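Trainee:
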Amino acid sequence: MPKFAQRIYDMESSAKIIRALFGAMDSPNIISLGGGAPASDALPVEAVHDICTDVITRNKRGVEALQYGSVLGVSDLRKNVADILLKPKGLEAELDEIIIVNGGLETMNLLCQVYINPGDVILVESPTFVHCVEIFEMFQARCVGVECDDCGMILEDVEKKIQKLHPKLVYIIPTFQNPTGKTFPLERRKKLAEIGSKYDVIILEDDPYQELRYSGEPLPPIKCFDKTGHTVYANSFSKIFSPGSRLGFCHASHDIITKLFDAKTATNSHTSTFAQVVCAEFFNRGLFSSQLKKLCEIHRERRDVMMNCFAKYMPDGTKWVHPDGGLFSWGELPGGIDTAALLPEANAAGIHYIAGSSFYVQGGNMGSNAMRVSFGNVTPEKIDIAVQQLASLVKNKL
Numbered sequence: 002m003p004k005f006a007q008r009i010y011d012m013e014s015s016a017k018i019i020r021a022l023f024g025a026m027d028s029p030n031i032i033s034l035g036g037g038a039p040a041s042d043a044l045p046v047e048a049v050h051d052i053c054t055d056v057i058t059r060n061k062r063g064v065e066a067l068q069y070g071s072v073l074g075v076s077d078l079r080k081n082v083a084d085i086l087l088k089p090k091g092l093e094a095e096l097d098e099i100i101i102v103n104g105g106l107e108t109m110n111l112l113c114q115v116y117i118n119p120g121d122v123i124l125v126e127s128p129t130f131v132h133c134v135e136i137f138e139m140f141q142a143r144c145v146g147v148e149c150d151d152c153g154m155i156l157e158d159v160e161k162k163i164q165k166l167h168p169k170l171v172y173i174i175p176t177f178q179n180p181t182g183k184t185f186p187l188e189r190r191k192k193l194a195e196i197g198s199k200y201d202v203i204i205l206e207d208d209p210y211q212e213l214r215y216s217g218e219p220l221p222p223i224k225c226f227d228k229t230g231h232t233v234y235a236n237s238f239s240k241i242f243s244p245g246s247r248l249g250f251c252h253a254s255h256d257i258i259t260k261l262f263d264a265k266t267a268t269n270s271h272t273s274t275f276a277q278v279v280c281a282e283f284f285n286r287g288l289f290s291s292q293l294k295k296l297c298e299i300h301r302e303r304r305d306v307m308m309n310c311f312a313k314y315m316p317d318g319t320k321w322v323h324p325d326g327g328l329f330s331w332g333e334l335p336g337g338i339d340t341a342a343l344l345p346e347a348n349a350a351g352i353h354y355i356a357g358s359s360f361y362v363q364g365g366n367m368g369s370n371a372m373r374v375s376f377g378n379v380t381p382e383k384i385d386i387a388v389q390q391l392a393s394l395v396k397n398k399l
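Our numbering applies: residue 2 is where the sequence shown begins, and numbers increase by one.
1. Within 10 angstroms of the Cβ of residue 169, are there 16 or more other Cβ atoms? Answer buried if so, exposed if not.
2. Less than 6 Å between C-beta atoms, sequence neighbours within five positions excluded: which residues of the same chain meet that for residue 391?
3. Return helix, strand or coil for residue 176, following the three-state DSSP convention.
4. Is DSSP giving residue 169 helix, strand or coil here?
5. When the Cα of residue 138 is compared with those of 296, 7 and 323, which residue comes out closest?
6. Would you identify the three-state DSSP class for residue 366, choosing helix, strand or coil?
7. Does the beta-carbon of residue 33 have 16 or more other beta-carbons within 10 angstroms, so that it is buried, or is it exposed?
8. Between the Cα of residue 244 and the Cα atoms of 359, 103 and 65, which residue gives the shortest distance?
9. Extract the residue ranges of the beta strand (DSSP E) inside the stretch 300-371, only unbroken runs of 3 or more that lie entirely within it.
10. DSSP three-state label for residue 234, please.
11. Of all the options 96, 78 and 53, which has the alpha carbon lying nearest to the alpha carbon of residue 67?
12. State yes or no: is the C-beta of residue 229 within less than 8 Å of the C-beta of residue 223?
13. Can we say the stretch 301-308 touches the stretch 321-332, given the rule of at least three CB pairs closer than 8 Å?
14. In three-state DSSP terms, what is residue 33?
15. If you check the beta carbons only, do residue 184 and residue 175 fall under 8 Å apart?
16. Could you give the DSSP three-state label for residue 2: helix, strand or coil?
17. Considering only residues of the same chain and omitting the five flanking positions on each side of residue 388, which have a CB-CB separation below 6 Å?
18. Would you check if there are 3 or more beta carbon pairs closer than 8 Å linking the stretch 104-118 to the stretch 257-268?
19. On the CB-based measure, 16 or more other CB atoms within 10 Å of its CB, does residue 396 come out buried or exposed?
20. Kindly give me the distance between the Cβ atoms of residue 249 and residue 238, rounded to whole angstroms, as I take these residues to be in contact under 8 Å.
21. Where does residue 250 fall in DSSP's three states?
22. Assign residue 370 to one of two classes, buried (16 or more other C-beta atoms within 10 Å of its C-beta) or exposed (fewer than that).
23. Is residue 388 helix, strand or coil by DSSP?
24. Which residues mark the beginning and the end of the alpha helix (DSSP H) in which residue 112 is found?
25. Enumerate, from N- to C-terminal direction, the unbroken alpha helix (DSSP H) stretches of 4 or more residues contained entirely within the stretch 241-286.
26. Tell me whether residue 62 sits in a helix, a strand or coil according to DSSP, three-state version.
27. With a threshold of 7 Å on Cβ separation, who are the neighbours of residue 136 within its own chain once the five nearest residues in sequence on each side are excluded?
28. For residue 143 and residue 382, I'd like the C-alpha separation in whole angstroms.
29. Buried or exposed for residue 167, please, with buried defined as at least 16 other CB atoms from any protein chain shown within 10 angstroms of its CB.
30. In the DSSP assignment, the beta strand (DSSP E) including residue 145 goes from what residue to what residue?
Quick look at the structure:
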């Protein structure tokens, strides 16, 4: 057999994490706190059934849904993005500044096609989203972690590393960050947009959790403060409509969208027209607001149950992020417990999480006592069982 391309070997460490995660999700004997899915019981199954039936049997959109479509995406879906998902956040977007993609991750892929040459530097949070590291490594980028505090990226370190390393991109999840659940403050958002312009660096703002807020006041995206077109705003329908639809969108300057258009044309021509038409009809029929309310109610309850279980069962010295939204919390264990070493025991006990060290590009012992847990697609009853069992394992190590 011919040897695999070097880029496949370059991404092996992050790929192992993803394979383990999906393996745990497929096991009926494991309560997985490791995934990033929204609640299955909140998915709009009946509404989508009715829309699909209507589109194919009674609606004039049947041919449109089954035919080739526009590279940029179905026009009324892009209009819904502009009017319902962007404008309320303070973002004014023309339709030709929006492209519909195959899930939020395709924006990262297309942007790398457009900007990244082998060896180019991408600055990321410490810790950061492992799936995106996998994509960046696929394009043989060099990912460099930026120092973070309880509020996210430390901007002095961002500037220091930009001056030294001259990166092409700065990648950030500013709201209910994956994996920590933390939120980047307003003043830092403004300043990061200025930094992108000052140093001619693209700020890649990944914002799939923005709508899933359960407490606190919403913050405007970094893109709101972008005066020069250096911020690219990526979002997804996975958390607010359906992960299985594999739909996302990107809002950027016309010049950048034009290049993404070219890259997407060469990659897959366009995103599924059928999925786009169904999603567009979901918005057209005014179903989004009630769906979002349902999602937030379910996830708020699960977040609260998880936080209460941590307080009730976990030993003294354990620290947990109490997120205002999203799907994740970040825990740090006492006593120097290595969460990667603990994971096989946890799996044997029927629990899965992701070890904190998996989210650091620096390697070493960063995050060795930390873990990411998700409450999104786990029932309150199973959250209680999982945290009790996890607490027992941790206490046995102290």
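In this text, a Cβ means the ideal position worked out from N, Cα and C, and glycines have one as well.
The model shown is predicted, which means the values in this text are computed figures rather than measured ones.
Mentor: In terms of the structure at hand:
1. Position 168 of the sequence shown, counting from 1, holds the residue named residue 169. A residue is called buried once 16 or more other Cβ atoms fall within 10 Å of its Cβ, and residue 169 is buried on that count.
2. Position 390 of the sequence shown, counting from 1, holds the residue named residue 391. Correct list, in chain order: 352.
3. On the sequence shown, residue 176 is found 175 positions in, with the first residue counted as 1. Residue 176: coil per DSSP, three-state reduction.
4. For the purposes of this step, residue 169 is taken as residue 168 along the sequence shown, with counting starting at 1. Looking at residue 169 - three-state DSSP - the assignment turns out to be coil, as it is neither helix nor strand.
5. For this step, residue 138 is matched to residue 137 along the sequence shown. It is 7 whose Cα lies nearest to the Cα of residue 138.
6. One-based indexing of the sequence shown puts residue 366 at position 365. Coil.
7. One-based indexing of the sequence shown puts residue 33 at position 32. Buried, by the Cβ-count rule.
8. Sequence index remark: in the sequence shown, residue 244 carries index 243 (1-based). Taking only the C-alpha atoms, the option nearest residue 244 is 103.
9. Runs of the beta strand (DSSP E) inside the stretch 300-371: 329-333.
10. Counted from its first residue, the sequence shown places residue 234 at position 233. Three-state result, residue 234: strand.
11. Counted from its first residue, the sequence shown places residue 67 at position 66. The shortest Cα separation from residue 67 among 96, 78 and 53 belongs to 53.
12. Along the sequence shown, read from residue 1 onward, the residue named residue 229 stands at position 228. Along the sequence shown, read from residue 1 onward, the residue named residue 223 stands at position 222. Contact flag unset, no.
13. Yes: the two stretches touch, three or more of their Cβ pairs being nearer than 8 Å.
14. By one-based count along the sequence shown, residue 33 stands at place 32. Residue state, collapsed to three classes: strand.
15. Along the sequence shown, one-based indexing puts residue 184 at 183. Along the sequence shown, one-based indexing puts residue 175 at 174. Yes. Within cutoff.
16. If you number the sequence shown from 1, residue 2 lands on position 1. Coil at residue 2, not helix or strand.
17. The residue given as residue 388 occupies position 387 in the sequence shown. Correct list, in chain order: 310 and 314.
18. yes
19. Here the question's residue 396 lines up with position 395 in the sequence shown. With fewer than 16 other Cβ atoms within 10 Å, it is exposed.
20. Translated into positions along the sequence shown, residue 249 becomes position 248. Translated into positions along the sequence shown, residue 238 becomes position 237. Contact flag correct, Cβ pair sits at about 6 Å.
21. Indexing the sequence shown from 1 puts residue 250 at position 249. Residue 250 falls in the strand class under three-state DSSP.
22. By one-based count along the sequence shown, residue 370 stands at place 369. The residue is buried, with at least 16 neighbouring Cβ atoms inside 10 Å.
23. Numbered from 1 along the sequence shown, position 387 holds the residue referred to as residue 388. Note: residue 388 maps to helix in three-state DSSP.
24. Counted from its first residue, the sequence shown places residue 112 at position 111. Counting along the chain, the alpha helix (DSSP H) containing residue 112 begins and ends at 105-116.
25. 255-268 and 274-285
26. The residue given as residue 62 occupies position 61 in the sequence shown. Residue state, collapsed to three classes: coil.
27. Here residue 136 refers to the residue found at position 135 of the sequence shown. Taken in chain order, the residues that qualify are 106, 109, 110 and 113.
28. For this step, residue 143 is matched to residue 142 along the sequence shown. For this step, residue 382 is matched to residue 381 along the sequence shown. Rounded to whole angstroms, residue 143 to residue 382 spans 42 Å at the Cα level.
29. Here residue 167 refers to the residue found at position 166 when the sequence shown is read from its first residue. Exposed, since its Cβ has fewer than 16 Cβ neighbours within 10 Å.
30. In the sequence shown, counting from the first residue as 1, residue 145 sits at position 144. From DSSP, the beta strand (DSSP E) with residue 145 extends over 143-147.
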